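Take a look at the structure set out below.
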Amino acid sequence: QFQHYSDLAGRHLSEVRAGLPARQAHANAAFLPLALVRPTLRAIGKKGTALQAWRRQWILWRASGNLARWI
Numbered sequence: 119q120f121q122h123y124s125d126l127a128g129r130h131l132s133e134v135r136a137g138l139p140a141r142q143a144h145a146n147a148a149f150l151p152l153a154l155v156r157p158t159l160r161a162i163g164k165k166g167t168a169l170q171a172w173r174r175q176w177i178l179w180r181a182s183g184n185l186a187r188w189i
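Just add 118 to wherever you are in the sequence shown, counting from 1, and you've got our numbering.
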């Protein structure tokens with residue numbers, strides 16, 4: 119069941135990534151929370167728990183520099 123929803127989320131995330139505005143840094147802040155989707159799904163799939171707060175903050179900080187790499 120979880121794998122089905124994880125795959126669905128991955129497909130939707132790929133569609134969003136394809137439609138991201140190119141080189142528009144001012145729009146990145148609106149899409150920044152999407153950087154948490156893949157790591158969260160990975161963590162839930164492996165450990166059964168969500169990401170720790172410090173890990174979420176670190177991912178958001180890293181993604182703020184290069185959003186396309188994290189989505």
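For glycine and all other residues, C-beta sits at the position ideal for the given N, C-alpha and C.
Fair warning: this is a prediction, and the values are worked out from it, not measured in the lab.
- Can you tell me whether DSSP reads G163 as helix, strand or coil? The answer is helix: DSSP assigns G163 an H, G or I state.
- Task: Within 10 angstroms of the Cβ of L126, are there 16 or more other Cβ atoms? Answer buried if so, exposed if not.
- Result: Exposed.
- Collapsed DSSP secondary structure at L169 in the structure displayed: Correct three-state label for L169: coil.
- Query: Are L152 and V134 touching if we call contact CB-CB under 8 Å?
  - Reply: In this structure, V134 lies closer than 8 Å to L152 by Cβ.
- 8 Å contact criterion, which G163 and F120 should meet: CB distance rounded: In this structure, G163 and F120 form a Cβ contact; the two beta carbons are roughly 7 Å apart against a cut-off of 8 Å.
- Message: Measuring only from the beta carbon, is S124 closer than 7 Å to any heavy atom that is part of the ligand NAD?
- Response: As for the ligand NAD, it is missing from this structure, which has no ligand bound.
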